[in-house]
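J.:
Residue numbers (the numbering used here): 32 to 140.
1) Hey, residue 131 and residue 76 are a contact pair by Cβ (cut 8 angstroms); roughly how many whole angstroms apart?
2) Reducing DSSP to helix, strand and coil, say where residue 135 ends up.
3) Taking the alpha-carbon of residue 71 as reference, which of 80, 43 and 78 has the nearest alpha-carbon?
4) DSSP three-state call for residue 100: helix, strand or coil?
5) Would you tell me roughly how many angstroms separate the C-alpha atoms of residue 135 and residue 55, rounded to the nearest one?
6) Alpha carbon to alpha carbon, how far is residue 137 from residue 57? Give it in angstroms, no decimals.
7) Should residue 32 go down as buried or exposed, given a rule of 16 or more other Cβ atoms within 10 Å for buried?
8) Any idea which residues DSSP pairs residue 113 with across the strands?
9) Under the DSSP definition of a beta bridge, which residues are partnered with residue 72?
10) So does the stretch 111-129 actually touch the stretch 85-102, counting three or more Cβ pairs closer than 8 angstroms?
11) One question on the structure: do residue 92 and residue 116 come within less than 8 angstroms of each other, judged by their Cβ atoms?
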């Protein structure tokens, strides 16, 4: 994948995440505030102040996620972002950590 292709894909991934959380917030599923600054998306859970940070790493062509549970790196494999350590899928992992941090079942993707 070229750098330009990666940047477009990373941007669309961050937009997708932000849209999903905005919709969940609007539906009163979870109270979050999303802030985007370039390639960094900060998702703050209002009830407890915890955050999930998702950002792209262009030099490595990876998406990174930092949450209370730890830090995770994802590479593109086919049509999915897959964890570089355990091969888990990004949106499933994001849903899990958001559920843990937000206190309500969250499905992102």
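Glycine included, every Cβ here is placed at the ideal spot set by N, Cα and C. Bear in mind the structure is a predicted one, so any value in this text is a computation, not a measurement.
T.: Result, derived from the coordinates:
1) The Cβ separation is near 10 angstroms, so there is no contact.
2) coil
3) 43
4) Reduced to three states, the DSSP call for residue 100 is coil.
5) For the pair residue 135 and residue 55, the Cα-to-Cα distance works out to about 11 angstroms.
6) 13 angstroms
7) exposed
8) 106 and 120
9) Residue pairing of residue 72 in beta bridges, as defined by DSSP: 67 and 85.
10) yes
11) no
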